[in-house]
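A.B. asks: The structure under discussion is supplied below as structure tokens; questions concerning it will follow.
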Amino acid sequence: ARTVFAVKNMGKEIVRLDETDTIYHGPIPVLAIFKGKAGPAPVLSVLDSQIKLVPAEGNPNTELFEKIPPVDVHTVISFGNKAVADLSMPAFELDLEEGDKLSWQGFTGRVDYDTNEFHSISDLESPGLKIDGEDSTLTITGIKVWSELSHPTPDAEYPTGDVNFTLGNFDFLAKPGAKLKNLTITGIEFKGQNSERAGLLDSSHSMVFDELTLGGDKYGPGGYELSISNIDSKSWKKLQALINENRDSEETDEWKARFTGELVNLLPGFVSKSPKIELRKLSLETSGGKLEGHLGIYADGEGLEGVDLAQNPVLMLAALTADAGVTVSKELFMSALIDYKKEEVLDNMKAAGDDPPTDEELAELASGAAEDEINLLISGDILVEKDDSYTIEAAYKSGQVIINGQPIDLGALLQ
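Residue numbers for the sequence shown follow this note's numbering, so the first one is 177 and each next one is one higher.
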């Protein structure tokens with residue numbers, strides 16, 4: 177049997193999957209048993225499949241796709257429509273544009289799924305890949321992907337569940353003579369979770385890494401945790417449909433006005449469910465100390481069902497609250513501020529027609545300007561000293577900005 181699937185992104189076909197199946201019917205798939213493809217236990221069926229990537233119509237890279245070997249899939253479907261599929265893809269090499277070469281080391285994996293409950297558990301891994309270019313070499317090793325996903329209904333657009341993705345090593349190395357910086361990241365791990373309850377979507381994800389080296393600078397460990405909750409699923413689907421309908425539209429002034437108006441019309445649906453966006457954790461360790469932060473944006477949608485927020489922006493502002501906080505080591509903050517002040521000093525001297533300073537003069541001028549800036553921020557209660565760190569806590573509520581517990585006059589702050 178042969179089946180062709182179209183893979184689309186926002187309604188546009190990007191690639192096709194050409195699947196060819198050899199089916200051995202149960203309950204005793206005699207031929208499959210003789211070939212060593214099944215055991216003696218009764219099963220519903222056994223499938224040996226090959227899935228070939230085929231370019232979408234109009235894709236100019238047809239010859240390139242033909243060189244990609246198919247994915248081999250061996251599936252055993254038991255009674256009750258539970259199945260186990262073992263997947264593998266051999267290693268291959270491709271000559272890309274401009275002389276680049278891709279070396280893919282293949283992958284193996286297993287997928288357990290239940291078609292009655294539309295539930296699947298996938299576990300895939302690959303030794304990695306390498307792209308050798310004229311100016312650089314990119315090497316990625318230790319690729320692992322695990323997921324447990326469910327579709328509430330067969331036609332559900334968005335699966336719910338968990339996804340984990342890890343990379344052992346990411347190496348971008350510049351070749352001699354190339355004006356590029358080397359980048360190495362180790363121990364990358366991404367975790368994501370989606371859930372839906374009572375018409376509300378919740379999503380969270382996090383990313384951590386062990387060490388990041390950029391040029392001669394080292395950072396890490398570091399990472400973040402982000403959570404988005406209480407998203408109205410109906411409004412979300414309308415937003416996706418709106419984006420899909422307008423993805424190829426010409427961006428005229430009339431189109432921008434109409435598109436913005438339609439976006440605003442979706443706001444009551446989102447706000448009425450009291451959505452939350454929270455950057456629960458942001459952290460980065462450096463040789464100069466540590467940076468930590470958090471951010472939350474919240475909407476209280478009680479009583480705003482059906483309200484035309486486009487005509488009542490004050491109600492929208494009243495529904496919003498936010499809070500944020502940053503803690504940074506004194507050494508790290510001073511270093512970053514000096515770098516910024518160096519650019520500022522050079523720009524000011526250039527505008528005044530002065531000769532550029534020596535490196536020592538520039539460092540002294542920037543350091544003095546940075547110290548003055550920090551003292552000004554501390555005296556204005558914008559920065560708070562705590563041991564070896566500076567902190568700032570900010571909040572927004574009922575149209576009022578609060579910094580470190582004190583209401584702030586926005587007009588004075590912006591002067």
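We put the beta carbon where it would ideally sit given N, CA and C, even for glycine.
Distance, Cα to Cα, P266 vs T315?
C.D. replies: Looking at the two C-alpha atoms, the distance is approximately 18 Å.
A.B. asks: Which stretch, first to last residue, makes up the alpha helix (DSSP H) that contains N551?
C.D. replies: Segment D535 to S555, the alpha helix (DSSP H) holding N551.
A.B. asks: Below 8 Å, how does it come out for the region 395-412 and the region 445-458: are there three or more Cβ pairs, yes or no?
C.D. replies: Counting Cβ pairs under 8 Å, three or more are found: they touch.
A.B. asks: What does the Cβ neighbour count give for S559, buried or exposed, with the cut at 16 atoms within 10 Å?
C.D. replies: Inspection of the sequence shows that residue 559 is occupied by Leu rather than by Ser. Buried, since its Cβ has 16 or more Cβ neighbours within 10 Å.
A.B. asks: Going by Cα to Cα distance, which pick from V502, K306, N345 and L300 is closest to G318?
C.D. replies: When each option's Cα is compared against that of G318, the closest is N345.
A.B. asks: Do you know whose CA, among S459, F366 and F446, lies nearest P397's CA?
C.D. replies: When each option's Cα is compared against that of P397, the closest is S459.
A.B. asks: Just the Cα atoms here: how many angstroms apart are E478 and V577?
C.D. replies: Taking the straight line from one Cα to the other gives about 22 Å.
A.B. asks: Provide the residue(s) that pair with R456 in DSSP beta bridges, ordered along the chain.
C.D. replies: Note: R456 sits in no beta bridge, so no partner.
A.B. asks: Considering only the alpha carbon of each residue, which of G309, I244, M383 and K243 lies closest to E273?
C.D. replies: Closest by alpha carbon: G309.
A.B. asks: Return the chain-ordered list of same chain residues with a C-beta closer than 7 Å to the C-beta of W280, the five sequence neighbours on each side being excluded.
C.D. replies: Around W280: A267, F268 and L305.
A.B. asks: Suppose contacts are defined by Cβ-Cβ distances below 7 Å. Is V260 in contact with V252 by that definition?
C.D. replies: Yes, the pair counts as a contact, with Cβ atoms nearer than the cut-off.
A.B. asks: Can you give me the start and stop residues for the alpha helix (DSSP H) that S162 sits inside?
C.D. replies: Only positions 177 to 591 of the chain appear in the structure, and residue 162 is not among them; the question remains open.
A.B. asks: From which residue to which residue does the beta strand (DSSP E) around D476 run?
C.D. replies: Counting along the chain, D476 falls outside any beta strand (DSSP E), and DSSP gives it neither H nor E.
A.B. asks: Counting only the same chain and skipping the five closest in sequence on each side, list residues whose C-beta sits under 7 Å from that of N237.
C.D. replies: P231.
A.B. asks: So what does DSSP say about N420, is it helix, strand or coil?
C.D. replies: Helix at N420.
A.B. asks: Would the beta-carbon of N336 fall within 7 Å of that of S323?
C.D. replies: Checking the displayed sequence, the identity of residue 336 turns out to be Thr instead of Asn. Not closer than 7 Å, so no.
A.B. asks: Can you check the region 332-367 for any beta strand (DSSP E) of at least 3 residues that lies completely inside it and give the ranges in chain order?
C.D. replies: Counting only runs of 3 or more, we get 336-350.
A.B. asks: Kindly indicate which residue of L388, P444, N370 and D386 has the alpha-carbon position closest to the one of S380.
C.D. replies: Comparing Cα-Cα distances from S380 to each of L388, P444, N370 and D386, the minimum goes to N370.
A.B. asks: Within a Cβ cutoff of 7 Å, which residues of the same chain sit near S409, ignoring the five residues on either side of it in sequence?
C.D. replies: Here the set comprises E372, G375, L376 and L377.
A.B. asks: Can you tell me whether V219 is helix, strand or coil according to DSSP?
C.D. replies: DSSP places V219 in coil when its eight states are reduced to three.
A.B. asks: I need the DSSP call for S411, collapsed to helix, strand or coil.
C.D. replies: It is helical.
A.B. asks: Taking all protein chains shown into account, do 16 or more other C-beta atoms lie within 10 angstroms of the C-beta of K518, making it buried, or fewer, making it exposed?
C.D. replies: So K518 ends up on the buried side.
A.B. asks: Could you check where the beta strand (DSSP E) with K320 kicks off and where it finishes?
C.D. replies: S312 to S326 is the span of the beta strand (DSSP E), which, as asked, contains K320.
A.B. asks: Just to confirm my understanding: we take E549, look at its own chain, exclude 5 residues before and 5 after, and list those with CB closer than 8 Å. What are they?
C.D. replies: Around E549: L513 and K517.
A.B. asks: Do I568 and V502 have their C-beta atoms closer together than 7 Å?
C.D. replies: In this structure, V502 lies closer than 7 Å to I568 by Cβ.
A.B. asks: Along the chain, where does the beta strand (DSSP E) containing D271 start, and where does it finish?
C.D. replies: From DSSP, the beta strand (DSSP E) with D271 extends over F268 to D271.
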